[in-house]
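2 protein chains.
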Amino acid sequence: MPMLRQDPLTGEWVIIATERARRPETFASKKEERVSPPPRVENCPFCPGNEHLTPPEVLIYEKNGGETKEKDLPHSASWNLRVIPNKFPALERDPNAPRTMPSSRCELFLSHQGYGVHEVIIETPWHNRHLADLSIKELEMVLKSFQERTVALARDEQLRYVQIFRNHRQEAGASIEHPHCQLLALPYIPPLLNKEYTRSHDFYLEEGRCLLCSLLEKEEASGERVILQNENFIAYIPFAAPLPFSTWIAPREHYSSLEVSPEGWERDLAPLLKEFLTRLSQKLEDPPYNLYLHVAPLRSSSLSYYHWHMEIIPKLTIVAGWEMATGTYINVSRPEEAASFLKTPEKEVIEALKR
Amino acid sequence: MPMLRQDPLTGEWVIIATERARRPETFASKKEERVSPPPRVENCPFCPGNEHLTPPEVLIYEKNGGETKEKDLPHSASWNLRVIPNKFPALERDPNAPRTMPSSRCELFLSHQGYGVHEVIIETPWHNRHLADLSIKELEMVLKSFQERTVALARDEQLRYVQIFRNHRQEAGASIEHPHCQLLALPYIPPLLNKEYTRSHDFYLEEGRCLLCSLLEKEEASGERVILQNENFIAYIPFAAPLPFSTWIAPREHYSSLEVSPEGWERDLAPLLKEFLTRLSQKLEDPPYNLYLHVAPLRSSSLSYYHWHMEIIPKLTIVAGWEMATGTYINVSRPEEAASFLKTPEKEVIEALKR
Numbered sequence: 000m001p002m003l004r005q006d007p008l009t010g011e012w013v014i015i016a017t018e019r020a021r022r023p024e025t026f027a028s029k030k031e032e033r034v035s036p037p038p039r040v041e042n043c044p045f046c047p048g049n050e051h052l053t054p055p056e057v058l059i060y061e062k063n064g065g066e067t068k069e070k071d072l073p074h075s076a077s078w079n080l081r082v083i084p085n086k087f088p089a090l091e092r093d094p095n096a097p098r099t100m101p102s103s104r105c106e107l108f109l110s111h112q113g114y115g116v117h118e119v120i121i122e123t124p125w126h127n128r129h130l131a132d133l134s135i136k137e138l139e140m141v142l143k144s145f146q147e148r149t150v151a152l153a154r155d156e157q158l159r160y161v162q163i164f165r166n167h168r169q170e171a172g173a174s175i176e177h178p179h180c181q182l183l184a185l186p187y188i189p190p191l192l193n194k195e196y197t198r199s200h201d202f203y204l205e206e207g208r209c210l211l212c213s214l215l216e217k218e219e220a221s222g223e224r225v226i227l228q229n230e231n232f233i234a235y236i237p238f239a240a241p242l243p244f245s246t247w248i249a250p251r252e253h254y255s256s257l258e259v260s261p262e263g264w265e266r267d268l269a270p271l272l273k274e275f276l277t278r279l280s281q282k283l284e285d286p287p288y289n290l291y292l293h294v295a296p297l298r299s300s301s302l303s304y305y306h307w308h309m310e311i312i313p314k315l316t317i318v319a320g321w322e323m324a325t326g327t328y329i330n331v332s333r334p335e336e337a338a339s340f341l342k343t344p345e346k347e348v349i350e351a352l353k354r
Numbered sequence: 000m001p002m003l004r005q006d007p008l009t010g011e012w013v014i015i016a017t018e019r020a021r022r023p024e025t026f027a028s029k030k031e032e033r034v035s036p037p038p039r040v041e042n043c044p045f046c047p048g049n050e051h052l053t054p055p056e057v058l059i060y061e062k063n064g065g066e067t068k069e070k071d072l073p074h075s076a077s078w079n080l081r082v083i084p085n086k087f088p089a090l091e092r093d094p095n096a097p098r099t100m101p102s103s104r105c106e107l108f109l110s111h112q113g114y115g116v117h118e119v120i121i122e123t124p125w126h127n128r129h130l131a132d133l134s135i136k137e138l139e140m141v142l143k144s145f146q147e148r149t150v151a152l153a154r155d156e157q158l159r160y161v162q163i164f165r166n167h168r169q170e171a172g173a174s175i176e177h178p179h180c181q182l183l184a185l186p187y188i189p190p191l192l193n194k195e196y197t198r199s200h201d202f203y204l205e206e207g208r209c210l211l212c213s214l215l216e217k218e219e220a221s222g223e224r225v226i227l228q229n230e231n232f233i234a235y236i237p238f239a240a241p242l243p244f245s246t247w248i249a250p251r252e253h254y255s256s257l258e259v260s261p262e263g264w265e266r267d268l269a270p271l272l273k274e275f276l277t278r279l280s281q282k283l284e285d286p287p288y289n290l291y292l293h294v295a296p297l298r299s300s301s302l303s304y305y306h307w308h309m310e311i312i313p314k315l316t317i318v319a320g321w322e323m324a325t326g327t328y329i330n331v332s333r334p335e336e337a338a339s340f341l342k343t344p345e346k347e348v349i350e351a352l353k354r
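Taken in sequence, the protein lines are chains A and B. So for the first sequence, numbering that gives the first Met the number 0 puts the first residue at 0; every next one is plus one. So for the second sequence, numbering that gives the first Met the number 0 puts the first residue at 0; every next one is plus one.
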């Protein structure tokens, strides 16, 4: 029998399509047609030696003793990570922009100057090393940069929310091959976040505790959808996952944003994230994916009702007419089956993690 | 300067990315790699002669004097259109299913037996004739079948909404090549519709009239986003279109659903829809698209605040991390420019419409 499951954070019903369910291994993408890129690409604007092709960085993690002599090779780049303004920004800061967003129920055509910040986080000098291939130390730097940029942008009171996201491979929307993620700082709260805040707040008023804390407790107790966990983080496939292998990674202790996360949070997350991405890559043949954070609004200090987390959505099916029309999903993979498939590491995963 | 525009029906902000805007003609898809399918495919379950491969039809439009003698050829099929139950339904009807959807703010894992109906509308016996290639008469039949099935399903009081949608070509999610659309009848109101109803209702209470009626009046007056219109329908690109070339087609008079649409509505819509789809196909090289209807809930009789319409979303860009994370869009094409590009028919369009 088909089944409907409600996403507790958004209130939306997901159809878990048992009749047309596919076995986890059938989602593996076809790898054979792909060409592995080289460590450095001559005309890639994000590769070392081409720093002049991008706007000056707003944040850089320099290498200790990094040399630029052999600057055409990633291992001799002077930096580990650079954050730069997007050359073709979706939003821009203009000191003359109006301070507040317009709002009116009766205005038919409401528009607003697109105030905001659009940045690119170049995760590594290596053109061919994606998140799963980075060392734990390098991955920590990527996570740290998310926090540093969020804290820096929070100083601008016109900005209300920072959305960090990553498109892995062209099929998931990456227009530049070099490993990077993006950050968009917005003058408003995006609707999906709004929904999560509202539902979490309602739950908090009724139950006196955080909705995601309660969910994590249940997930841990049953374990059937948990993929991985360590002392401080847990990776699991939610009960009402909208798409096959959609995974959430959340801190086990309650923190509402990176702004209020404790010193060293990235050291706890990095090894778990690396292991998750390595398993995903090995078991589903390096699928395209989207990764993003959901956090509290900027400057909201520590909210007791909202719990930040990361979502990773492999792109294994096509979002089509049904999803566009209704804003909901038909998941052709049972969350419990998908989690169990990713739970057991294979020999290659263990080998890859040793490297 | 980038610009934010608010969708009046959902209240959501769309970023119109002027800095990274693309010229309309750059969206044309690459046609050369495609192989045109034959008029009939031996093992296609939707082709004439293979009717036994599908469940028995729930609606059939028979051909006047149609013969089944040469049943392997589409022109001699005995039918023009068949509606059949989906062999792998996302939802099913079970007389023992609970009558109402569960609802609870504090229940963490809420699920429900997936009650509903999933049907396929086989639009034509021809394997290689898509909506734009059908005659006006045939297109009328497709539209009429939407209405007939909606009216029939409305008799089941457990169903609340009928979602009709079409995925054109594999890239837009069509898993079977033979021209068809799908219908899912649901025991709940999908969230996007919910949002449209709520905003329209708020507007109605405040202004005393229908939001879409007001919008259509403004669109007609300015004309800058109107692509086509006839006496009873209008096709235009909305002010805050979420994706390049997203088009709405709406009746100019106020009707809230197909259930309450007047006799002959499909005769007014068919020629306009054919012309729109022909232009889209000619000017953007037959792009993949999703098409769907937004209507009032079943059995809601004539709602003065909601106005049904069709949305056509060509799949020209990749929905990526930003859209998944926020539930909003960055449109890399200005609606006015896209509308103007589709406004003038080219010689081939005029020729195609004569055929």
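All C-beta atoms, glycine included, are put in the ideal place defined by N, C-alpha and C. In this text the structure is predicted, and so the values were computed from the model without any measurement.
Given a cut-off of 8 Å on the beta-carbon distance, is the pair residue i and residue j in contact?
i, j, result
"alanine 249 of chain B", "leucine 215 of chain B", "yes"
"leucine 302 of chain B", "serine 255 of chain B", "yes"
"arginine 198 of chain B", "leucine 210 of chain B", "yes"
"leucine 183 of chain B", "glycine 115 of chain B", "yes"
"proline 23 of chain B", "serine 332 of chain B", "yes"
"arginine 39 of chain B", "leucine 72 of chain B", "yes"
"leucine 242 of chain B", "serine 28 of chain B", "no"
"leucine 356 of chain A", "alanine 269 of chain A", "Since the displayed chain A opens at 0 and closes at 354, residue 356 of chain A lies outside it and no answer follows."
"arginine 159 of chain B", "tyrosine 196 of chain B", "no"
"lysine 314 of chain B", "alanine 131 of chain B", "no"
"asparagine 166 of chain B", "alanine 319 of chain A", "yes"
"phenylalanine 108 of chain B", "asparagine 289 of chain B", "no"
"cysteine 180 of chain A", "histidine 126 of chain A", "no"
Which residues in chain A have a C-beta closer than 7 Å to the C-beta of residue i? List them in chain order.
i, result
"methionine 309 of chain B", "The premise fails here: methionine 309 of chain B is roughly 10 Å from chain A at the closest Cβ pair, so nothing lies under 7 Å."
"isoleucine 312 of chain B", "Met323"
Do you know whose CA, among the options, lies nearest residue i's CA?
i, options, result
"valine 348 of chain A", "A:Pro38, A:Tyr160 and A:Leu276", "A:Leu276"
"arginine 128 of chain A", "A:His74, A:Leu268 and A:Met323", "A:His74"
"serine 110 of chain A", "B:Glu41, B:Arg208 and B:Gly10", "B:Gly10"
"glutamate 122 of chain B", "B:Tyr235, B:Arg92, B:Ser144 and B:Thr99", "B:Ser144"
"methionine 309 of chain B", "B:Leu133, B:Glu230 and B:Leu272", "B:Leu272"
Of all the CB atoms in chain A, is at least one closer than 8 Å to the CB of residue i?
i, result
"isoleucine 226 of chain B", "no"
"glutamate 223 of chain B", "no"
"isoleucine 248 of chain B", "no"
"alanine 207 of chain B", "The sequence as given places glycine at residue 207 of chain B; alanine does not occur at that position. By this cut-off, glycine 207 of chain B is not an interface position."
"phenylalanine 108 of chain B", "yes"
"lysine 29 of chain B", "no"
"serine 339 of chain B", "no"
"histidine 74 of chain B", "no"
"arginine 278 of chain B", "no"
"serine 214 of chain B", "Sequence check: residue 214 of chain B is leucine here, not serine. Chain A, which has a Cβ nearer than 8 Å to the Cβ of leucine 214 of chain B, makes this yes."
"glycine 263 of chain B", "no"
"glutamine 146 of chain B", "no"
"serine 19 of chain B", "Note that residue 19 of chain B corresponds to arginine in the displayed sequence, not to serine. It does; some Cβ of chain A falls within 8 Å."
Does residue i pass the burial test, meaning 16 or more other C-beta atoms within 10 Å, or should it be called exposed?
i, result
"alanine 173 of chain A", "buried"
"threonine 343 of chain A", "exposed"
"isoleucine 175 of chain B", "exposed"
"proline 237 of chain A", "buried"
"proline 79 of chain A", "Correcting the residue identity first, residue 79 of chain A is asparagine in this sequence and not proline. Classification for asparagine 79 of chain A: buried."
"phenylalanine 87 of chain A", "exposed"
"arginine 4 of chain A", "buried"
Quick one: list the residues of chain B neighbouring residue i, beta-carbon separation under 7 Å, in chain order.
i, result
"alanine 319 of chain A", "Asn166, Ala171, Gly172 and Asn289"
"glycine 326 of chain A", "Pro189, Pro190 and Leu191"
Between residue i and chain B, is there a C-beta pair that is closer than 8 Å?
i, result
"alanine 16 of chain A", "yes"
"arginine 33 of chain A", "no"
"alanine 89 of chain A", "yes"
"glutamine 5 of chain A", "yes"
"glutamate 11 of chain A", "yes"
"glutamine 157 of chain A", "no"
Under 9 Å Cβ-Cβ, which residues of chain B neighbour residue i?
i, result
"arginine 39 of chain A", "Chain B residues near arginine 39 of chain A: none, gap ~25 Å exceeds 9 Å."
Strictly below 8 Å CB to CB, what residues from chain B border residue i?
i, result
"leucine 130 of chain A", "Those do not exist, as leucine 130 of chain A stays about 13 Å from chain B at its closest Cβ, beyond 8 Å."
Got a sec: does the ligand FAD put a non-hydrogen atom nearer than 7 Å to the Cβ of residue i?
i, result
"isoleucine 311 of chain B", "By its list of ligands, the structure shown contains no ligand whatsoever, and the ligand FAD lies outside what it can speak to."
Starting from residue i, find everything on chain A with Cβ-Cβ shorter than 8 Å and list it in chain order.
i, result
"phenylalanine 45 of chain B", "The contacting residues do not exist; phenylalanine 45 of chain B stays about 17 Å from chain A at best."
Closer than 9 Å by beta-carbon distance: list the chain A residues that pair up with residue i, in chain order.
i, result
"arginine 98 of chain B", "Those within 9 Å of arginine 98 of chain B in chain A number zero; the least Cβ separation is about 14 Å."
"proline 1 of chain B", "Pro88, Ala89, Leu90, Glu91, Gln112, Gly113, Tyr114, Gly115 and His117"
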